[in-house]
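Novice: One structure, pasted below without further comment.
Protein chains: 2
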Amino acid sequence: MHMAKVKKKIRQQLLADRIQEQPFLTDEELARLLAVSIQTIRLDRLEMGIPELRERVRRMAENAQAKVKAISSGEVVGELIDLELGHSGISMLRITDDMVFEKTRVARGHYVFSQANSLALAVIDAPMAVTGVANIKYKVPVHVGEKLVAKAEIVRQRGNKYFVWVKTRNGDQEVFRAKFIMVSWTEK
Amino acid sequence: MHMAKVKKKIRQQLLADRIQEQPFLTDEELARLLAVSIQTIRLDRLEMGIPELRERVRRMAENAQAKVKAISSGEVVGELIDLELGHSGISMLRITDDMVFEKTRVARGHYVFSQANSLALAVIDAPMAVTGVANIKYKVPVHVGEKLVAKAEIVRQRGNKYFVWVKTRNGDQEVFRAKFIMVSWTEK
DNA sequence: CAACACTTAGTACCTGATACTATAACCTGT
DNA sequence: ACAGGTTATAGTATCAGGTACTAAGTGTTG
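Read top to bottom, the protein sequences are chains A and B.
Counted the way the numbering used here counts, the first sequence spans residues 71 to 258.
Counted the way the numbering used here counts, the second sequence spans residues 71 to 258.
Here you go:
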């Protein structure tokens, strides 16, 4: 395989892109792909401040773990600010880069929903519960960097059904509103 | 009953737990924490088939990246099976371990929502759009391992508002149903 | 006390690097 | 055309965090 030699800056750009796309490549593999020596790759990385493979992998692992935790494993999506079990609760979610659409920079709806839904679940005082029904209105698009504050309130309880209203604000502006009916689940 | 054996097993359990909790520890650090020699740690890892630090980190990075991709960066949550732009679409989502509540093994509601919502967005033939309103009913709890098939259909369009219905089934059973009003977004 | 499991020590070697030195190849201007 | 600077390559020493293996203790226990 013979690749045309390119200028340094162009090569460095190619290198950076490649590493961005496939961070698991060693210097040796990168050298072969760009048809230069391994020393050149190392000089380029040094100049551009790109860390070595192991360091890249380590960072990805830490970072990705945190992101996975943010949406999947935590009890509540976002940060729980206040909770009065059986009455109300408040949580905060910061919209990060990976929660938005690339083109529009507008938050994907399911993040806003997730915050509200998980908060609604947290406020009800029952060992186990699931969402039954939800009525949702997105009022204003949310952008990257904004901090969403969701307030949940139990407005009525009938048997094992809890009616929870959640209002999400960005600053003073209400951006989202949801009514949930949560169903508690006595094990049998 | 051999005394030494018991000690060994307990230590190995402690070791396994520790690595589970803090996978970024080197053998040297683990040796210090458990007050044994580094060789003992290595023998233990060998016996239990626990890979070395670098390998552990590498696996975490790969794996976590895939998970992050599943919910955050992909256009559609789940796997897009079929899409007729402007009419309908089908997607499939496999419920994995980290999508469920630990205690109940029931899927968190927002995953089911995310699948439906992202599919609803995908079917509408507009460059940019956001969710406006959603009416949702969870009919049956979903468990780990199950495959959810969501079908979205555009039922009406009025101006820049698209009315999309999504029905999600697990096998023949309908587990979830949603009506979305999506709003397309002409940039100005 | 002898047998055997367990633990520790130590060595050679591996990968994927950093850090540094030395030299070769390529432009560029005058 | 040739000097001078930039760019590329080669090579060496060293490192972390291991694997794989050999050898020598240290208990425990029957």
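In this text, a Cβ means the ideal position worked out from N, Cα and C, and glycines have one as well.
Remember, predicted model here, so these are calculated numbers, not experimental data.
(1) From the DSSP output, which residues share a beta bridge with A:Ala204?
(2) In three-state terms, what does DSSP make of A:His180?
(3) So what's A:Leu85 in DSSP terms, helix, strand or just coil?
(4) Mind checking who B:Arg175 pairs with in its DSSP beta bridge?
(5) Who are the neighbours of B:Ser184 on chain A, taking C-beta pairs under 7 Å?
(6) Could you check where the alpha helix (DSSP H) with B:Asp97 kicks off and where it finishes?
(7) How is A:Glu244 classed by DSSP in three states: helix, strand or coil?
(8) What separation, rounded to the nearest whole angstrom, lies between the Cα atoms of A:Arg178 and B:Val138?
(9) Using 8 Å as the limit for Cβ to Cβ distance, is A:Arg81 near chain B?
(10) What residues of chain B sit near A:Val214, judged by a beta carbon separation below 8 Å?
(11) If you count every other CB in all the chains shown that lies within 10 Å of the CB of A:Asp114, and 16 or more means buried, which is it?
(12) Identify each residue in the region 110-126 of chain A for which the Cβ-Cβ distance to at least one residue of chain B is less than 9 Å, and report them in chain order.
(13) Since A:Tyr232 meets chain B, which of its residues come closer than 8 Å, beta carbon to beta carbon?
(14) Under 8 Å, Cβ to Cβ, is there at least one residue of chain B near A:Ser188?
(15) B:Thr201 versus chain A: which residues are under 7 Å apart at the beta carbon?
(16) Against chain B, does A:Arg128 count as a neighbour if the rule is that its beta carbon must be under 8 Å from one of theirs?
(17) Would A:Val253 be called buried (16 or more neighbouring beta carbons within 10 Å of its own) or exposed?
(18) Determine the chain A residues that contact B:Asn240 at a beta-carbon separation under 9 Å, and present them in chain order.
(19) Could you name the residues of chain A that B:Met198 contacts, counting a contact when the two beta carbons are closer than 9 Å?
(20) Which term fits A:Thr256, buried or exposed, when burial requires 16 or more other beta carbons within 10 angstroms of its beta carbon?
(21) On the DSSP bridge list, what partners appear for B:Lys237?
(22) Go through its chain and collect everything with a Cβ distance to A:Glu244's Cβ below 8 Å, but skip five positions before and after it.
(23) Around the C-beta of B:Gln109, are 16 or more other C-beta atoms found within 10 angstroms, so that it is buried, or is it exposed?
(24) Based on the DSSP secondary-structure assignment, which residues constitute the bridge partners of B:Glu149?
(25) What does A:Ile165 touch in chain B if you count any residue whose Cβ is under 9 Å from its own?
(26) Could you tell me the alpha carbon to alpha carbon distance between A:Lys258 and B:Glu91, rounded to whole angstroms?
(27) Please tell me whether A:Asp163 and A:Val147 are closer than 8 Å, where the distance is taken between their beta carbons.
(28) Is A:Ala186 buried or exposed, if buried means 16 or more other CB atoms sit within 10 Å of its CB?
(29) Rounded to a whole number of angstroms, what is the C-alpha to C-alpha distance between B:Asp97 and A:Ser158?
(30) According to DSSP, is B:Glu216 helix, strand or coil?
(31) DSSP has B:Arg226 in a bridge; who is on the other side?
Specialist: Walking through what the data contain:
(1) A:Phe250, B:Ile206
(2) helix
(3) helix
(4) Bridge partners of B:Arg175: none, in fact.
(5) His180
(6) 97-104
(7) strand
(8) 14 Å
(9) no
(10) Neighbours of A:Val214 on chain B: none; closest Cβ ~13 Å, over 8 Å.
(11) buried
(12) Arg124, Arg126
(13) Neighbours of A:Tyr232 on chain B: none; closest Cβ ~14 Å, over 8 Å.
(14) yes
(15) Gly179, Tyr208
(16) yes
(17) buried
(18) What B:Asn240 touches in chain A: nothing, since even the nearest Cβ is about 14 Å away.
(19) Phe171, Lys173, Thr174, Val176
(20) exposed
(21) B:Lys221, B:Arg247
(22) Lys209, Val210, Lys237, Thr238
(23) exposed
(24) B:Met162
(25) Here the premise fails: no neighbours, minimum Cβ distance about 12 Å.
(26) With a pLDDT of 49 at A:Lys258, under the threshold of 50, the modelled position of that residue is not reliable, and the figure given next carries that caveat. Going by the C-alpha atoms only, they are around 33 Å apart.
(27) The residue asked about is misnamed: residue 163 of chain A is Leu in this sequence, not Asp. Yes, these two residues count as a Cβ contact at 8 Å.
(28) buried
(29) 47 Å
(30) coil
(31) B:Phe233
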